[in-house]
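Working notes for the structure below.
Chains as they are written, first to last, in my numbering: chain P, 1 to 287; chain F, 1001 to 1287; chain C, 2001 to 2287; chain W, 3001 to 3287.
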């Protein structure tokens, strides 16, 4: 229940109200286009972990200055901002392996597989001697445990051992608290995926500890949980917990999504794959 | 806001609490399989229309006795119950025209198009001399106004004039108040479609008055509106309206859907098309 | 069998070999970008109709100069060339109604519905007072007769009577003879659709005669029929007919499609909808 | 070119004509329902491998007695026949891992991913103590090399090492020579997948040698290659090779598929997943 948002930005907003911000720092900047706001939250120590309920590391949020305007008009700016951050976080010439998490049969959870579907994969071409100057990119959409019977972390660990990339990027659909951020906000973090997060509630963590290589996580909030909506409405009063307990059990497996979720997921997944593809682009063009 | 459910059954439950039930009658029966409960609500006069906010007519609800069990296990019983009701309401040898309302690109609104996609269409075959004993069935999925620029009622009126069926069946996705009924309940009514109902909020009514022939409506609740959830939780207290007003404007275009909406819509749409196809089945088999 | 291509350009190539070209004229030009070749075939009289087996009128083919290069790289140039031709053929301020023919469940036949899905529809907005300077655009994807039981021409005639547009544009998937033109060539004609053409073999014609308003047809070859392939290979020898007769009957319902048909249809349908949308674009931007 | 069919049955028919059948045996039987014909071809030694161009092992073909009748009417009988063969080939209590090969975005190549999507996965449930009497089933749809940059055999080897199943079942779309067998025939073999076979032309073999555990292959022909069609038509005459050389290069990447490929793949994939699910069924029911 506490973790009803996967966005560090929203956790911080909440924590701020309660003024317990030790171990956490935040910087905000507007990009060159004057349309995009980047917020960088750093959780610096154990105390910061306690405050936000997330592991130590960087959490970068990319969104438009005026959220309501972000209906696709700033696709290029978002994509470029993602690219610039990735470029900074990924060593030159790194072998990159991308995992698109989630269930491609459930629209709100299909962000990861859709991103992977639009990547320019180079690993097999480079191994045949082509694209010498491009970075090595491989990818998989491993499905969810109900489809495979295998923990996603097990699949990724096995493949990382086999193909030996330098870095894993996991792309996942997240839960948020605010409807205005749905399908409009990209979060990048260098901490990997914590247990229980994401739309599909991955039970196992996907981090350097479990997979054996550094893990970057790219996420977009695509749903709001019903408890998050209710908390927002009834506020932080004492009987809040009581109301949540009264909630129809069925609501536990429910999501609030915008009506146009199908279209939105298509658009934002394209924004993300373009940001990642940009890492290869110039090299390939040159050749 | 008042109409936050399209199910007459739920309107009645609500009205009952307020004990204003003049002009409305209700009968419940369990079917032969002992798994299915049918509830028949009759709105008898203007007073009944006032109480439930729906036009005069029959509203039949088909659901399993134990709603939580209705996960597809009673597919055949539901389908059979739908068939038996349709058989009673549709004259023998009627020419039937089915319209699958809704947007096939939005999962929660795609029930109608999916049902039409599974029908056994006979009109063109009968006109060539085949299937003499089967009823004439034609169908269309007209799309929504944002896709066509044309009111759905205009499309159906034009086609009804052209192909001269005896009866129109419209199939549509509805909004409900209770999460336990989503994708598990079928409502049949002889009143057609009122303005502003359905997931896609059809602005114009689709009734005998506008289309020129009797209109049966088959609907399944596939979403809950956010205001409906909140009302359920905060109850009927005085400040209810205030809370609703405070709601983020974005929520107006949001739906609460179960995570497995894609799978559920596939299953229930199949249940409905089988119920309709059954009307033709025996005749065709014989031939 | 004779009509194994829907492209006038290919019929002409064939007829030319047999040197019977009375009543037919042809002009070719390269567009400003130097990438696109437009071929305009005019069938001038009854004699021309005999020679090519198609009704009198204009047939404009848009393709890249080097067909093998047309893998999406000239998307913008193709789209612009389509727009310029449409602009010339459609009166300023005309009310335009677009019909996307074909079966959206059969990839090779889904071009029409996909184009309609990407149009900027304005009719409903203009009727509420918005977009005063834009042209009125409405659209429908009527499905195929096996899905509806209704002839496509009946649906379009009924709707044309109801909404009174000035012009109908039908978009359809075609059969071609040459594999190099699949999903790479756009044919525009002012003659509407002849009976028996298209991937789905529309039995009735869709022309000004049947629908009551002028009909522009936009088509893209997406399949090759098996007989067309064989003719190409075994040539025009005397036993050609014998071989065709020997053909497994099943082949009659078969198509030759490229492996990547799903991706190609997505791309070319987007090229076409952009060409049509361009008709509205400047007006809407201005407003 | 020689391997223009992946069906051992068709290779045998061809070889038979040339009367070189050393090292190959064949048995045919009709099942209890009197609708299904099973043909068991055994390639017994190196000589048999030479004759049919396939590795030593069993190749079982399940099809209806009258192929033209197999339009889905014998779904249950096909599914049951598959189940009975699998039961015989798979040790009781084996841990089974299923790989659905192919590209889910290309209809004719999507059989494998679709089958995996309909399996009852038990591995994760058994590991939590449920379904003690059921066999352990896990699965993956690994995508194709153009999507992942990783050889399918590498993915499967890595996962087999990690999750240690007793047996791998690969499900794949095949090429056939005869149109009458498309989407109507199931081939089971205990030899795994040879290099260069399947619709997507898997370059590496997937066999016990590469994956480390026994590999069962289940395949359904979904396409015919253009050269196969031509050979059928022009026969075995001397100039056959010349004609094939003259073939438009584009044809190399083309498939002949029935128009209703989308529907057929849906049906036959369901038949296969039911056959596999049946392995678990009784156990789970009992519990």
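The C-beta atom is built at its ideal place from N, Cα and C for all residues, glycine as well.
{"Query": "Should residue 2012 of chain C be labelled buried (16 or more other beta-carbon atoms within 10 Å of its own) or exposed?", "Result": "buried"}
{"Query": "Cα separation between residue 1082 of chain F and residue 1269 of chain F?", "Result": "12 Å"}
{"Query": "Count the other C-beta atoms from every protein chain shown that fall within 10 angstroms of the C-beta of residue 1276 of chain F, then say buried if there are 16 or more, exposed otherwise.", "Result": "buried"}
{"Query": "What are the uninterrupted segments assigned as alpha helix (DSSP H) that are 4 or more residues long and contained completely in the region 3036 to 3091 of chain W, given in chain order?", "Result": "3046 to 3052, 3075 to 3089"}
{"Query": "Since residue 3161 of chain W meets chain P, which of its residues come closer than 7 Å, beta carbon to beta carbon?", "Result": "158"}
{"Query": "Could you check what DSSP says for residue 1194 of chain F in three-state terms: helix, strand or coil?", "Result": "coil"}
{"Query": "Among residues of its own chain, excluding the 5 on either side of residue 2125 of chain C, which ones have a beta-carbon nearer than 7 Å to its beta-carbon?", "Result": "2131"}
{"Query": "Could you give the residue range of the beta strand (DSSP E) that holds residue 1224 of chain F?", "Result": "1215 to 1225"}
{"Query": "Measure from the alpha carbon of residue 7 of chain P to the alpha carbon of each residue in P:261, P:271, P:225, then state which is nearest.", "Result": "P:225"}
{"Query": "According to DSSP, is residue 1123 of chain F part of a helix, a strand, or is it coil?", "Result": "helix"}
{"Query": "The region 3205 to 3230 of chain W: which residues have C-beta closer than 7 Å to a C-beta of chain P, in chain order?", "Result": "none"}
{"Query": "What is the DSSP secondary structure of residue 257 of chain P, reduced to helix, strand or coil?", "Result": "strand"}
{"Query": "For the beta strand (DSSP E) containing residue 174 of chain P, name the first residue and the last one.", "Result": "167 to 176"}
{"Query": "Quick check: what's the CA-CA separation for residue 237 of chain P versus residue 1213 of chain F?", "Result": "With a pLDDT of 47 at residue 237 of chain P, under the threshold of 50, the predicted position of this residue should be treated as unreliable, though the coordinate-derived value follows. If I take the Cα positions, the gap works out to 55 Å."}
{"Query": "Go ahead and pull the three-state DSSP assignment for residue 2014 of chain C.", "Result": "helix"}
{"Query": "So, helix, strand or coil for residue 2101 of chain C, using DSSP?", "Result": "coil"}
{"Query": "Who are the near neighbours of residue 3107 of chain W in its chain, counting only those whose CB is closer than 7 Å to its CB and skipping five residues on each side?", "Result": "3261, 3262, 3265"}
{"Query": "If you measure from the beta carbon of residue 1254 of chain F to each beta carbon in chain P, is any gap under 8 Å?", "Result": "yes"}
{"Query": "Entirely within the region 121 to 156 of chain P and at least 4 residues each: give me those alpha helix (DSSP H) ranges in chain order.", "Result": "123 to 126, 145 to 148"}
{"Query": "Residue 1206 of chain F and residue 1273 of chain F: beta carbons closer than 8 Å?", "Result": "no"}
{"Query": "If we count the other Cβ atoms within 10 Å of its Cβ and call it buried at 16 or more, is residue 1045 of chain F buried or exposed?", "Result": "exposed"}
{"Query": "Could one say the Cβ of residue 3075 of chain W lies closer than 8 Å to chain P's Cβ atoms, at least one of them?", "Result": "no"}
{"Query": "Starting from residue 1107 of chain F, find everything on chain C with Cβ-Cβ shorter than 9 Å and list it in chain order.", "Result": "Going along chain C, no residue has its Cβ under 9 Å from residue 1107 of chain F, so there is no contact; the nearest lies around 15 Å."}
{"Query": "If you reduce the DSSP assignment to three classes, tell me which class residue 3209 of chain W lands in.", "Result": "helix"}
{"Query": "Tell me the DSSP secondary structure of residue 3236 of chain W in three-state form.", "Result": "In this prediction, residue 3236 of chain W scores a pLDDT of 49, lower than 50, which makes its location untrustworthy; no coordinate-derived value is stated."}
{"Query": "Could you tell me the alpha carbon to alpha carbon distance between residue 2217 of chain C and residue 187 of chain P, rounded to whole angstroms?", "Result": "47 Å"}
{"Query": "For chain C, find out if any of its Cβ atoms is closer than 8 Å to the Cβ of residue 3236 of chain W; answer yes or no.", "Result": "Because the pLDDT at residue 3236 of chain W is just 49, under 50, the model does not fix this residue reliably, and the point stays unresolved."}
{"Query": "With DSSP collapsed to three states, give me the class of residue 1028 of chain F.", "Result": "strand"}
{"Query": "Taking 8 Å as the threshold (beta carbon to beta carbon), is residue 166 of chain P in contact with chain B?", "Result": "As a matter of chain content, chain B is missing from the structure shown, whose protein chains are P, F, C and W."}
{"Query": "Using only alpha-carbon positions, find the residue among P:185, P:5, P:165 that is nearest to residue 37 of chain P.", "Result": "P:185"}
{"Query": "Given this structure, state the Cα-to-Cα distance separating residue 3025 of chain W from residue 3228 of chain W, to the nearest angstrom.", "Result": "25 Å"}
{"Query": "Assign residue 1106 of chain F to one of three DSSP states: helix, strand, or coil.", "Result": "coil"}
{"Query": "Any Cβ of chain P within less than 8 Å of the Cβ of residue 1113 of chain F?", "Result": "no"}
{"Query": "So, using beta-carbon positions, are residue 3289 of chain W and residue 3021 of chain W closer together than 8 Å?", "Result": "Lying outside 3001 to 3287, the shown extent of chain W, residue 3289 of chain W is not represented and no answer is given."}
{"Query": "Does residue 27 of chain P pass the burial test, meaning 16 or more other C-beta atoms within 10 Å, or should it be called exposed?", "Result": "exposed"}
{"Query": "In chain order, what residues of the same chain have a beta carbon less than 8 Å from the beta carbon of residue 1271 of chain F, not counting five sequence neighbours either side?", "Result": "1075, 1078, 1079, 1082, 1186"}
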